[in-house]
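Novice: The sequence shown begins at 52 in the working numbering and counts up by one.
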Amino acid sequence: MSAMFVSRRILLVEDDDELRYAYAAHLTANGFQVEEAGDLAAARKGFAATRPDVAVVDFRLPDGTALDLLPKFKELESAVPIIVLTGFGSMELGVSLIKSGAEQCLAKPVEPSALLMIVLKLLENSRNHQKQLANSTRRRRVVLDPFLGESPVIRRLAETAAKVANSQSPVLIQGETGCGKGVLATWLHENGPRSDEPFVDLNCAGLTREFLESELFGHEKGAFTGAISAKPGLLEVGHRGTIFLDEIGDIDPNVQPKLLKVVEEKRFRRMGDVRDHFVDIRLIAATHQDLRHLIETKLFRSDLYFRISTVPLAIPPLRERQVDIPAIAHALLLRICSDMARPPADLSTKAVERLRSYYWPGIFANYATSWNARSCFPIGTSLKRGTWRSNLSPRRGGIPTSETGLLTNWSAFTSRQFFPVKIRTSKRLRNVSVSPRVLFTRS
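#1: Do Phe351 and Leu342 have their C-beta atoms closer together than 7 Å?
#2: Taking buried to mean at least 16 other C-beta atoms within 10 Å of its own C-beta, is Phe250 buried or exposed?
#3: Between His381 and Ile387, what straight-line distance do the alpha-carbon atoms span, to the nearest angstrom?
#4: From what residue to what residue does the beta strand (DSSP E) around Val288 run?
#5: Does DSSP put Lys282 in a helix, a strand or coil?
#6: For Asp252, count the other beta carbons within 10 Å of its own beta carbon; 16 or more makes it buried, fewer makes it exposed. Which is it?
#7: From what residue to what residue does the beta strand (DSSP E) around Thr211 run?
#8: Which runs of the beta strand (DSSP E), 3 residues or longer, sit entirely within the region 236-260?
#9: Run the CB neighbour count on Thr237, radius 10 Å, all protein chains shown included, and call it buried at 16 or more, exposed below.
#10: Is the beta carbon of Phe110 sitting closer than 7 Å to the one on Thr79?
#11: Does the Cβ-Cβ distance between Leu121 and Ser151 come in under 7 Å?
#12: Hey, is the region 352-372 in contact with the region 300-311, meaning 3+ C-beta pairs nearer than 8 Å?
#13: Tell me Pro363's beta-bridge partners as DSSP assigns them.
#14: Grab the span of the alpha helix (DSSP H) containing Leu91 for me, first residue to last.
#15: Considering only C-alpha positions, which residue in the set Arg206, Gly323, Gly229, Asp301 is nearest to Ile279?
#16: Based on Cα-Cα distance, which residue from Arg178, Val403, Glu264 lies nearest to Arg245?
#17: With DSSP as the reference, label Phe319 as helix, strand or coil.
#18: Could you check which residue in Val215, Ile205, Glu316, Leu286 has the C-alpha nearest to that of Asp375?
#19: The beta strand (DSSP E) spanning Glu87 covers which residue range?
#20: Based on the DSSP secondary-structure assignment, which residues constitute the bridge partners of Asp331?
#21: For the alpha helix (DSSP H) containing Thr79, list its first residue and its last residue.
#22: Quick one: what's Leu296 bridged to in DSSP?
#23: Have a look at Pro197, Ser408, Leu173 and flag the residue whose alpha-carbon is nearest the alpha-carbon of Asn242.
#24: Would you call the CB atoms of Cys156 and Val135 closer than 7 Å?
#25: If you run the structure through DSSP and keep just helix, strand and coil, what is Gly200?
#26: Hey, would you say Glu266 sits closer than 7 Å to Leu285, going by beta carbons?
#27: Which residues bound the alpha helix (DSSP H) around Arg59?
#28: Which residue from Pro283, Pro368, Pro394 puts its Cα closest to that of Leu199?
#29: On a Cα-Cα basis, can you pick out the residue from Lys123, Ser360, Leu118 that is closest to Glu143?
#30: Using three-state DSSP, classify Leu112 as helix, strand or coil.
#31: For Gln344, is the classification buried or exposed, using 16 other Cβ atoms within 10 angstroms of its Cβ as the cut-off for buried?
#32: Let me know the secondary structure DSSP gives Val170 once reduced to three states.
#33: Ala106 to Ile224, Cα distance in whole Å?
#34: Pick from Glu128, Ala378, Gln340, Leu235: whose alpha carbon is nearest that of Ile302?
#35: Does the Cβ of Val193 have 16 or more other Cβ atoms within 10 Å, making it buried, or fewer, making it exposed?
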């Protein structure tokens, strides 16, 4: 197993010492952390303490049965798959176990290698479901190239980003609003070792402390008015993947120590809970603010800043790399043509000159809304100066006002219908066929 991930945890509940030792030894040899228990009391304590990724439970125990354990386990962590081992298989028992929350019911004896295979399959199911949850939080799109152009500044950024993509260190992306921080964060995830894992993003701008805590850390039932059931936070949804916190400078100072704990110790607590949850994530943060100034004004913690800025990346605004305008314009135009099922179009020399004459607050997303796409395509394959609406402010050394009609937020642009949607989903495997001794499986 890759060393980059936290070891997967299994709770093994079996009163037969020899059998428990055999299972534990085989699972440990294959990279699992095994918490052992021989009765109901130890099982409850072990589950609450470790919050395992999978639980393997013998049906009959000295002080009760698995039916006494399953409801408690599901109350604590509803997403944990549970395997029940039994030598008393029957249709009625299997139905009762599945209804109580068991994922699989296996007839004893079960070989350690067969148990390992089933555990791995259930973990794969769980991770695929986790990815689906992560993908449901955002519309995944074709990964855009954040390094279009040949200007020295963008080439340096591309070089640095390529070096840090495979790193597990936190990344802080800085740049003006609309310069493509979210695009770069997505690129880092898709080109890193966690690309097959969830990518979860949260824009922290304007969020209240309570809402931010609930979204990020999750909450237990009754944690606050309206919390009618437990809810996992985005940290849990993004386990083993990447968490992108946009506008991290807006995070409430009271939430910052809890985020620092996640970065330093890889653990957190849900709202209303006293137990720690362990999580393995890579953090990418972004801001358009000067965090050092926020530190001076006591609005941002210096220790959190130094932890998240291990790898700083600065994205230059488009006005500082005017030479890249033709390449970016061409790429955006091709995407728009493709999305609208139109023949490829290009920009005339005069059109490019005019684009270069404007002051661009952010990145070239501004440009895409500056012409009327419906009127430009019938005129031919080359867009002239008059093709788009001329409601942009010429470059005068100042930031254009809202009256210019510019779209300065890249995420707002990409939320439109310009780009083809790419939703990465993984079909959840439901039936595990390892041997005929699999009595029941949740469908």
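Where a beta carbon is used, it is the ideal one built from N, C-alpha and C, also for glycine.
For clarity, every value in this text was computed on a predicted model and none was experimentally measured.
Specialist: Let me spell this out:
#1: Numbered from its first residue, the sequence shown carries residue 351 at position 300. Numbered from its first residue, the sequence shown carries residue 342 at position 291. Yes. Within cutoff.
#2: One-based indexing of the sequence shown puts residue 250 at position 199. Buried, by the Cβ-count rule.
#3: Working through the sequence shown from its first residue, we reach residue 381 at position 330. Working through the sequence shown from its first residue, we reach residue 387 at position 336. C-alpha separation (whole angstroms): 10 Å.
#4: If you number the sequence shown from 1, residue 288 lands on position 237. No beta strand (DSSP E) holds Val288; the alpha helix (DSSP H) holding it covers 285-288.
#5: Locating residue 282 in the sequence shown gives position 231, counting from the first residue. DSSP places Lys282 in strand when its eight states are reduced to three.
#6: Position 201 of the sequence shown, counted from the first residue, corresponds to residue 252. Buried, because 16 or more other Cβ atoms sit within 10 Å of the Cβ of Asp252.
#7: The sequence position of residue 211 within the sequence shown is 160, counting from 1. Here Thr211 belongs to no beta strand (DSSP E); instead the alpha helix (DSSP H) covers 203-215.
#8: Runs of the beta strand (DSSP E) inside the region 236-260: 250-254.
#9: Working through the sequence shown from its first residue, we reach residue 237 at position 186. Buried: at least 16 other Cβ atoms inside 10 Å.
#10: Here residue 110 corresponds to residue number 59 of the sequence shown, with the count starting at 1. Here residue 79 corresponds to residue number 28 of the sequence shown, with the count starting at 1. Result no, Cβ atoms of Phe110 and Thr79 do not sit closer than 7 Å.
#11: Mapped onto the sequence shown, residue 121 falls at position 70. Mapped onto the sequence shown, residue 151 falls at position 100. Yes, they are a contact pair.
#12: Judged by Cβ distances under 8 Å, the region 352-372 makes contact with the region 300-311, as three or more pairs qualify.
#13: One-based indexing of the sequence shown puts residue 363 at position 312. BP columns for Pro363 point to Leu223.
#14: Mapped onto the sequence shown, residue 91 falls at position 40. DSSP places Leu91 inside the alpha helix (DSSP H), whose first and last residues are 91-101.
#15: By 1-based counting over the sequence shown, the position of residue 279 is 228. For Ile279, the nearest C-alpha among the options comes from Gly323.
#16: Numbered from its first residue, the sequence shown carries residue 245 at position 194. Here the closest residue by C-alpha is Arg178.
#17: One-based indexing of the sequence shown puts residue 319 at position 268. Strand at Phe319.
#18: Locating residue 375 in the sequence shown gives position 324, counting from the first residue. Ranking the options by Cα distance to Asp375, first place goes to Ile205.
#19: Taking the sequence shown and counting its residues from 1, one reaches residue 87 at position 36. For Glu87, the uninterrupted beta strand (DSSP E) run begins and ends at 83-88, by DSSP.
#20: The residue given as residue 331 occupies position 280 in the sequence shown. Answer is none; Asp331 lacks a bridge partner.
#21: For the purposes of this step, residue 79 is taken as residue 28 along the sequence shown, with counting starting at 1. First-last of the alpha helix (DSSP H) with Thr79: 68-80.
#22: Translated into positions along the sequence shown, residue 296 becomes position 245. According to DSSP, which records beta bridges pairwise, Leu296 is partnered with Leu253, Ala336.
#23: Here residue 242 refers to the residue found at position 191 of the sequence shown. Closest by alpha carbon: Pro197.
#24: Here the question's residue 156 lines up with position 105 in the sequence shown. Here the question's residue 135 lines up with position 84 in the sequence shown. Taking 7 Å as the Cβ cut-off, Cys156 and Val135 qualify as a contacting pair.
#25: Residue mapping note: residue 200 aligns to position 149 of the sequence shown, counting from 1. When secondary structure is reduced to three states using DSSP, Gly200 falls in the coil class, being assigned neither helix nor strand.
#26: In the sequence shown, counting from the first residue as 1, residue 266 sits at position 215. In the sequence shown, counting from the first residue as 1, residue 285 sits at position 234. It is a contact, given that the beta carbons lie within the stated cut-off.
#27: Working through the sequence shown from its first residue, we reach residue 59 at position 8. Counting along the chain, Arg59 falls outside any alpha helix (DSSP H), though it belongs to the beta strand (DSSP E) covering 59-64.
#28: Within the sequence shown, residue 199 is the residue found at index 148, counting from 1. Cα-wise, what sits closest to Leu199 is Pro368.
#29: What you label residue 143 is simply residue 92 of the sequence shown in a count that begins at 1. Among Lys123, Ser360, Leu118, the Cα nearest to that of Glu143 belongs to Leu118.
#30: Numbered from its first residue, the sequence shown carries residue 112 at position 61. DSSP places Leu112 in strand when its eight states are reduced to three.
#31: By one-based count along the sequence shown, residue 344 stands at place 293. Residue identity differs from the one stated: residue 344 is His in this sequence, not Gln. Label assigned to His344: exposed.
#32: On the sequence shown, position 119 is the one that residue 170 refers to. Residue state, collapsed to three classes: helix.
#33: The residue given as residue 106 occupies position 55 in the sequence shown. The residue given as residue 224 occupies position 173 in the sequence shown. The straight-line gap from Cα to Cα measures roughly 39 Å.
#34: Counting from one through the sequence shown, the residue named residue 302 turns up at place 251. Comparing alpha carbon positions, the residue from Glu128, Ala378, Gln340, Leu235 closest to Ile302 is Gln340.
#35: Numbered from its first residue, the sequence shown carries residue 193 at position 142. Residue confidence is low: Val193 scores 49 on pLDDT, short of 50, so the model does not pin down where it sits. No coordinate-derived value is stated.
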